[in-house]
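*Asks:* Encoded as structure tokens, here's the structure I'll be asking about.
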Amino acid sequence: MSNESAAQIAVELADQAAQSPHQRLMASGHERPEGDRCPICFDLIELPVAKHSTNNVCCMKRVCNGCDLAATQRGMLDRCPFCRTPIPDNNASTLVMIQKRVSKGDADAIKVLGEQYFHGKLGVAKDVTRAIELWTEAAELGSIDAHYELGRAYYTGDGVEEDKLRGIRHWQQAAMKGHEPSRHNLGALNMITMETTNLLCSTG
Ligand SMILES: [Zn+2]
Ligand SMILES: [Zn+2]
């Protein structure tokens, strides 16, 4: 290899290393995450995902409203349309199902359990500290929704000490994997304030 081409490669590597998180964000996450795909029809669920699908705690599979309706029309009224487990009809059984999946290390289940602690739902006493712990664990295990929730909590100081930079970092993690609400939030912040833009460029 000539000295000239070696020097060129060194310059390119330095350029890549110098890319800010903002640039990395712009270069990645343009595809929807696989978790946004209905496991029955394999179509991407319409946005916003939560409005156009139902998450089933038995298998933690998010099924699109179309497949849910088709299952209902076939008479499957009280079972999960994906795994056919009977749908729990009270808070205690729902919680048991979530905890069963949590014990298997299911990142989505850990994120969902965190939600129950954050809001004090399904008969769980509200405990924001526990919710943040669970979301952090879920995020480490790959839940991009958990990164989103952590981003929201830290950015707005909802239940935790406000830490905007930390919140933005969590949204960045989710956004780089194509999480639409996180990309939306970061985009909106960019439009609102140059201060945030500078903050974004200095993170990572
Ligand atoms: Zn479907
Ligand atoms: Zn199921």
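For the sequence shown, the residue numbers in my numbering are 5 to 208.
All C-beta atoms in this analysis are idealised placements derived from N, C-alpha and C, irrespective of residue type, glycine included.
Check Thr133 in the structure and name its three-state DSSP category.
*Replies:* If DSSP states are grouped into helix, strand and coil, Thr133 belongs with the helices.
*Asks:* When you measure from the CB of Gly155 to every non-hydrogen atom of ligand 1, does any distance come out below 6 Å?
*Replies:* Outside the cutoff, so no.
*Asks:* What does a CB cutoff of less than 7 Å around Gly124 pick up in its chain, not counting 5 residues either side in sequence?
*Replies:* Closer than 7 Å at the Cβ level, and outside the excluded window around Gly124, lie Lys130.
*Asks:* State buried or exposed for Arg105, treating a residue as buried only when at least 16 other CB atoms are found within 10 Å of its CB.
*Replies:* Answer is buried; the Cβ neighbour count reaches 16.
*Asks:* What is the rounded straight-line gap between the Cα of Asp93 and the Cα of Ala31?
*Replies:* Using only the alpha carbons, I get a separation of about 45 Å.
*Asks:* According to DSSP, which residues form a beta bridge with Pro92?
*Replies:* Bridge partners of Pro92: none, in fact.
*Asks:* So what's Arg66 in DSSP terms, helix, strand or just coil?
*Replies:* Here Arg66 sits in strand by DSSP.
*Asks:* Name the one or two DSSP bridge partners that Thr210 has.
*Replies:* This structure gives no information on residue 210, because the portion of the chain shown stretches from 5 to 208.
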